[in-house]
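Read through the structure below, which is laid out as structure tokens, and then see the notes.
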Amino acid sequence: MDDDELKPAVELVDITKAFPGVVANDAISFSLRRGEVHILLGENGAGKSTLISILSGMLTPDAGQIIIDGEPAEIRSPRDALDAGIGTVYQHSLLVPTLTVLDNMMLGTNRSFRLDRVHAQKRMHELTQLLDVEIDPDARVGDLALGQRQQAEIIRALWSSERVLVLDEPTSMLTPQGVQSLGRVMRRLAERGLSVVFITHKLNEAIDFGDRITVLRRGRKVGELEPLQMVGKGVDDLKDEIIALMFGASSAGADANPSGNIEKAEWLDQQPVCFRLVDVEIQGDGPKPILDGITLELRRGEVLGIAGIDGNGQKELAEVIAGQRPLLHGQVYLDDKEIQRLSVAKRQDLGIRYVTDDRHGEGTVGQLSIAINSVIKRIGQRPFWRRTRIRHAVINEFARTMIAEQDVRTPNEKVPIATLSGGNMQKIVVGRELAKGPRVVVYNKPTYGLDVKTMQVVLNQIVEQARRGTTAILISTELDELISASDRIAVMYEGRITGILPSRPGIEAQLGELMTGASA
Amino acid sequence: MTVPLSPAPENDDLDHPRSDKAESRLKRSLTTISVSVLPVVAAIIVGGLLLLVLGRNPFLFYSNVISHGLIGSLGRQESLIRMAPLLLLAAGLMVAFPAGIWNLGGDGQFVLAGVVVAALGPQMAPYTNGWILFPVLFVVAFAVGAAWSIVPGIMKAWLGMNEIITTLMATFLGLRLSALLVKEFFADPSTTVPQTKVLPVKDRLPRIFGTRVNIGLVIGIVAILGVHYMMTRTAFGLRLRIVGMNPAAAVHAGMNMKALTMSIFLISSGLAGMAAAVQIVGVDGVVRAEWNPAFGFTIVPLVFLARFNGPAVIGFVGAFAVLQIGGEWASRQADLPNYFVVVLVALMLLFLAVSEYLQSRSVRAGER
Ligand SMILES: Nc1ncnc2c1ncn2[C@@H]1O[C@H](COP(=O)(O)OP(=O)(O)OP(=O)(O)O)[C@@H](O)[C@H]1O
Ligand SMILES: [Mg+2]
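As structure tokens, this is what we get:
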């Protein structure tokens, strides 16, 4: 490593950014060297997204300086950032699904009136070379697999010039292979002299992919691990060190879910079957059905994990159970009552709950307060409404309790929910489904975007609820999470259940096989 | 992920009515006011420049507007009378727009309801008194207006068809149908002009305290305040706003989208029908073939300027009525076509868009 490489390409100096009621960034300094992958870690609401929003021009800091190549720089808009060679991939796609990849690239970046297709094709070629990936420029973005879509997103971020690539929680929706190939892309970019900022909640990824780690807590920078500190230490020691930094020294490592699996299995055997799907089928646009003859039986208090690579019908299964999607044929039973024709609202009354994985799209209404969002599925119901009149005091009180119970970081319950950090928003989405007597809860990737500690809290909550008699269907792509929380695990592949296994450590390989279509 | 706040502070105050800091609340209402008032001021200035270019004296024009539409007692009463139907139409839009439904069929619903009321009123009047006549006519007007939106409503709710197109088509058809009805079925045989029978003046809406202003104004204000209350305080209103802000969230939360969509169409169009009843039973007493005052279209920008806020709508409608009544006179004085008032309203809308854009930029820059 020579001097030039150690000199920062971009430096954030004493960046401070306050929102009403919170200091999201408190005099944070953060430097990016040429050719490094720099990991940004921190609990939910620590200020990671705020910091990179400042770097990418989405927010302007209250105080502090941005220095690029030794020169103070003004970044007042996303355009300024792109011009300075800082490209960002946000958690939500900025691509238009109905347009082709190439059109999408030209959409945001073509500055002259005329579309310069030839130049765009050339640039596209350069960047796919740089990333060492293959993407058909004429494919519709909506038809791309998730991993490829993300590569397109990266290409878009690097389109106008390439110096810094910022990735905000890019791996939460990827398959393990997708994560690996993203890791390769980042490494390759770093080798070409770019700097990469990578935000994640998964410590394994941080340690595998990162050269340097910066840890934030409650708006402050609390630690930085240099490459030299990172090599030579065992992975577990490193993890402990990071966790101590992230949550404060007092916090021991996140406690795992108490097992007692054998007792639970015996107890479960005595519980009645309370939820059934019989031969459920739904049709997609293509010739293949999205769900193809799904039959499941769940006992009261059972946690059934659903494993599978994203996009094999898990989301549709959840929507069928919630009532958001009509089924072609088949039955859904709660106890012995057929419910497949009931509306979403009726099923909610019966105790069927759905924790969506799409918290921004359908889970919340960004402009409305946290309080309203916490009761959005109970509009018009007592005690929050009386004779259809809204009772703000009761709703606010309810929301305050939820905020305290779920440890949501927010100044108060009246702020628009869009101001919450990703993980804190997720806590509300989970918390509200558990209120008021749930009987069957479908959790679709409930830990997505949560920091390790909160993730464990949520998983424990699911297990706890189940012990008190709530049946849970836990959809996830994380096998260890499924194994730790479930009683049984069903695997979905192309809309079918390819196998159901009792959950215990060591079945990863078996699950992995089922996930790729081999039958049990 | 830090999400930029929604550019428009739309209904901001509705959901945090008791915000903790009075200061931030003041700031918020100041921005809201400036966003609404600045476009009006800008439109007046640019309109003035336009008058200069046309060789007219802008000060004379505007002072004519004010003196005739607001200060002169006759004109002021005219303005108040004009407010009544406009308020009811605006109330209808205050239901539809926040829910993201672009009911642009107001004029068709209005005219058709007006024709039916004008045909029915003189028939009924000899046999009843006001206590029966007026409620019946209002209910009928509501029903006719609502009925004229059933087809666009169904097309939207069940087939997902764009309601802008269907309601505009329905307006076109409604206007033709109205003309046909007047000429062929409801024409008064005692005159050669194609028009309905005239509702005798004694059978029109009662007036307020010896003025010429009828109680339609009261009905209009009550309608606005009622809708405002409904949208801000009731479960139904919150559902409608959620449908407008994020339809996917509405589905996820278990709302009955088809029923909600239909009720938006019916209420909104029913109110447009009632607006016609106020105009016919309160003022005109008769409908000629090809009648179409186009109130429904002119009211659209005002509802946006007022950001669906009831009291603000009343203010804007009042100002607009003055502009319309005074503007007719001032335009005639300045030898300009009456359309000049419409130009002013269009300018306001344009500047509204500009000021919203500027505001959303400053929000994004975090300078709120
Ligand atoms: N636009 C905003 N308005 C008000 N507060 C905000 C806004 N954006 C972020 N915040 C607050 O700033 C703090 C930091 O949020 P940030 O999104 O940076 O957290 P994060 O580290 O990315 O968390 P997560 O891991 O959950 O995504 C949070 O308390 C959040 O509520
Ligand atoms: Mg974040």
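Protein chains in written order, with my numbering: chain A, 101 to 620; chain B, 23 to 390.
The beta carbon of each residue, even a glycine, is placed where N, CA and C say it ideally should be.
Inset, instruction - Whole angstroms is fine: what's the gap from A/K107's alpha carbon to A/S129's? - result: Residue 107 of chain A sits at position 7 when you count from the first residue of the first sequence. Residue 129 of chain A sits at position 29 when you count from the first residue of the first sequence. The straight-line gap from Cα to Cα measures roughly 15 Å.
Inset, instruction - Could you tell me if B/P31 is buried or exposed, where buried requires 16 or more neighbouring beta carbons within 10 angstroms of its beta carbon? - result: Stepping through the second sequence from its first residue, residue 31 of chain B is reached at position 9. At B/P31, the pLDDT of 35 sits below 50, so the modelled position is not reliable and the matter cannot be decided from this model.
Inset, instruction - Leaving aside the five residues before and after A/H138 along the sequence, list all residues of the same chain whose C-beta is less than 6 Å from its C-beta, in chain order. - result: The sequence position of residue 138 of chain A within the first sequence is 38, counting from 1. For A/H138, where only same-chain residues beyond five positions count, the Cβ hits under 6 Å are L132, V297 and R312.
Inset, instruction - Flag this pair as touching only if the stretch 495-515 of chain A and the stretch 378-385 of chain A have three or more C-beta atom pairs under 8 Å; answer yes or no. - result: Contact fails: fewer than three Cβ-Cβ distances are below 8 Å.
Inset, instruction - Out of A/E305, A/S260 and A/L294, point me to the one whose CA is closest to A/V279's CA. - result: If you number the first sequence from 1, residue 279 of chain A lands on position 179. It is A/E305.
Legend entry - Near-chain A residues of the stretch 274-300 of chain B - C-beta to any C-beta below 8 Å: Within the stretch 274-300 of chain B, the residues whose Cβ lies closer than 8 Å to some Cβ of chain A are H274, A275, G276, M277 and N278, listed in chain order.
Legend entry - Members of the stretch 242-264 of chain B near chain A, C-beta cut-off 7 Å: Against chain A - using a Cβ distance shorter than 7 Å - the residues of the stretch 242-264 of chain B are R255, T256, A257, F258, L260, R261 and I264.
Legend entry - Helix, strand or coil at A/G480 [DSSP, three-state]: Taking the first residue of the first sequence as 1, we reach residue 480 of chain A at position 380. A/G480: coil per DSSP, three-state reduction.
Inset, instruction - Leaving out five residues on either side along the sequence, give the residues of the same chain with a beta carbon under 6 Å from the beta carbon of B/T188. - result: Sequence index remark: in the second sequence, residue 188 of chain B carries index 166 (1-based). These residues qualify, in order along the chain: P174 and M177.
Legend entry - Whole-number beta carbon distance between A/L231 and A/Q251, since they are thought to touch under 8 Å: Counted from its first residue, the first sequence places residue 251 of chain A at position 151. Counted from its first residue, the first sequence places residue 231 of chain A at position 131. That belief holds up - the Cβ atoms of A/Q251 and A/L231 are roughly 6 Å apart, short of 8 Å.
Inset, instruction - Mind listing the chain A neighbours of B/M116? Cutoff is C-beta to C-beta under 9 Å, in chain order. - result: The residue you call residue 116 of chain B lines up with position 94 of the second sequence. Neighbours of B/M116 on chain A: none; closest Cβ ~18 Å, over 9 Å.
Legend entry - Proximity to B/F342 [Cα-Cα], best of B/S290, B/G70 and B/E100: Numbered from 1 along the second sequence, position 320 holds the residue referred to as residue 342 of chain B. Minimum Cα distance to B/F342 is reached at B/E100.
Inset, instruction - Answer yes or no: do A/V322 and A/S156 have a C-beta to C-beta separation smaller than 8 Å? - result: Stepping through the first sequence from its first residue, residue 322 of chain A is reached at position 222. Stepping through the first sequence from its first residue, residue 156 of chain A is reached at position 56. Contact flag unset, no.
Legend entry - Reference B/R354, options B/L60, B/V87, B/S56 and B/G70, closest by Cα: Here residue 354 of chain B refers to the residue found at position 332 of the second sequence. If we check each option's Cα against that of B/R354, B/V87 comes out closest.
Legend entry - Between the CA atoms of A/S584 and A/P605 - distance to the nearest angstrom: Taking the first sequence and counting its residues from 1, the one referred to as residue 605 of chain A is at position 505. Taking the first sequence and counting its residues from 1, the one referred to as residue 584 of chain A is at position 484. In a straight line, the C-alpha of A/P605 is about 8 Å away from that of A/S584.
Legend entry - Any chain B beta carbon closer than 8 Å to A/D355: Residue 355 of chain A sits at position 255 when you count from the first residue of the first sequence. Confidence at A/D355 is low in this model, with a pLDDT of 48, below 50, so the placement of that residue should be treated as unreliable; the coordinate-derived value is given next. Not one chain B Cβ lies under 8 Å of A/D355.
Legend entry - Cβ contact check for the stretch 305-324 of chain B and the stretch 109-129 of chain B: 3 or more pairs under 8 Å: Touching, per the Cβ criterion.
Inset, instruction - State yes or no: is the C-beta of A/D126 nearer than 7 Å to some heavy atom of ligand 3? - result: Absence of ligand 3 is noted for the structure shown, with ligand 1 and ligand 2 being the only ligands found.
Inset, instruction - Taking only heavy atoms of ligand 2 into account, decide whether any of them is closer than 7 Å to the Cβ of A/K148. - result: What you label residue 148 of chain A is simply residue 48 of the first sequence in a count that begins at 1. Yes, ligand 2 has a heavy atom inside 7 Å of this Cβ.
Inset, instruction - Please determine, among A/E533, A/T456, A/I254 and A/L182, the residue with the shortest C-alpha to C-alpha distance to A/Q474. - result: If you number the first sequence from 1, residue 474 of chain A lands on position 374. The displayed chain sequence assigns Ser, not Gln, to residue 474 of chain A. For A/S474, the closest alpha carbon among the candidates A/E533, A/T456, A/I254 and A/L182 is that of A/E533.
Legend entry - CB of A/L579 within 8 Å of CB of A/L611, strictly: Taking the first residue of the first sequence as 1, we reach residue 579 of chain A at position 479. Taking the first residue of the first sequence as 1, we reach residue 611 of chain A at position 511. Closer than 8 Å, so yes.
Inset, instruction - Measure from the alpha carbon of A/N544 to the alpha carbon of each residue in A/E111, A/L417 and A/V373, then state which is nearest. - result: As a position in the first sequence, residue 544 of chain A is number 444, starting the count at 1. A/N544 has its Cα closest to that of A/L417, out of A/E111, A/L417 and A/V373.
Inset, instruction - Would you list, in sequence order, the uninterrupted beta strand (DSSP E) runs of no fewer than 3 residues that lie entirely inside the stretch 130-189 of chain A? - result: Counting only unbroken stretches of 3 or more residues, the beta strand (DSSP E) elements lying wholly within the stretch 130-189 of chain A are 137-142, 163-168, 171-173 and 186-189, in sequence order.
Legend entry - Closest Cα partner of B/W313 within the set B/A147, B/G332, B/F132 and B/M146: Stepping through the second sequence from its first residue, residue 313 of chain B is reached at position 291. Comparing Cα-Cα distances from B/W313 to each of B/A147, B/G332, B/F132 and B/M146, the minimum goes to B/F132.
Inset, instruction - Determine the chain B residues that contact A/S443 at a beta-carbon separation under 8 Å, and present them in chain order. - result: Start at 1 with the first residue of the first sequence, and residue 443 of chain A comes out as number 343. Within chain B, the residues near A/S443 are G276 and N278.
Legend entry - Segments of 4+ residues assigned as alpha helix (DSSP H) that fall wholly inside the stretch 365-428 of chain A: 414-422
Legend entry - For A/I573, the nearest candidate out of A/L303, A/H460, A/K477 and A/G405 (CA to CA): Your numbering for residue 573 of chain A matches position 473 in the first sequence. Measuring from the Cα of A/I573, the nearest candidate turns out to be A/G405.
Inset, instruction - For B/G337, I'd like the list of residues in its chain whose CB is within less than 8 Å of its CB, leaving aside the five on either flank, ordered along the chain. - result: Numbered from 1 along the second sequence, position 315 holds the residue referred to as residue 337 of chain B. Taken in chain order, the residues that qualify are A328.
Inset, instruction - Leaving out five residues on either side along the sequence, give the residues of the same chain with a beta carbon under 8 Å from the beta carbon of A/K466. - result: One-based indexing of the first sequence puts residue 466 of chain A at position 366. Before going on, a small fix: residue 466 of chain A reads as Gly here, not Lys. H460, P516, I517 and A518, listed in sequence order.
Inset, instruction - Specify the secondary structure class of A/Y454 as computed by DSSP and reduced to three states. - result: In the first sequence, the residue the question calls residue 454 of chain A occupies position 354. Assigned with DSSP and collapsed to three states, A/Y454 falls in strand.
Legend entry - 8 Å Cβ cutoff, A/R588 in contact with chain B: In the first sequence, counting from the first residue as 1, residue 588 of chain A sits at position 488. Taking 8 Å as the CB threshold, A/R588 stays off the interface with chain B.
Legend entry - Per DSSP, the bridge partner or partners of B/Q217: Position 195 of the second sequence, counted from the start, is the residue given in the question as residue 217 of chain B. In DSSP, B/Q217 forms a bridge with B/R310.
Inset, instruction - Could you tell me if the beta carbon of A/R509 falls within a distance shorter than 7 Å of some heavy atom in ligand 1? - result: Walking along the first sequence from the start, residue 509 of chain A turns up at place 409. Within the cutoff, so yes.
Inset, instruction - Using beta-carbon positions only, say whether B/G259 and B/G122 come within less than 8 Å of one another. - result: By 1-based counting over the second sequence, the position of residue 259 of chain B is 237. By 1-based counting over the second sequence, the position of residue 122 of chain B is 100. Cβ atoms of B/G259 and B/G122: not closer than 8 Å.
Legend entry - Backbone secondary structure at A/V542 - three-state DSSP: Stepping through the first sequence from its first residue, residue 542 of chain A is reached at position 442. Note: A/V542 maps to strand in three-state DSSP.
Inset, instruction - Quick one: residues in its chain with C-beta nearer than 8 Å to the C-beta of A/P358, no 5 flanking neighbours on either side, listed in chain order? - result: Position 258 of the first sequence, counting from 1, holds the residue named residue 358 of chain A. Note that A/P358 scores a pLDDT of 47, beneath 50, so its modelled location is shaky; the value from the coordinates is reported in the next line. Excluding positions up to five away in sequence, the list is empty.
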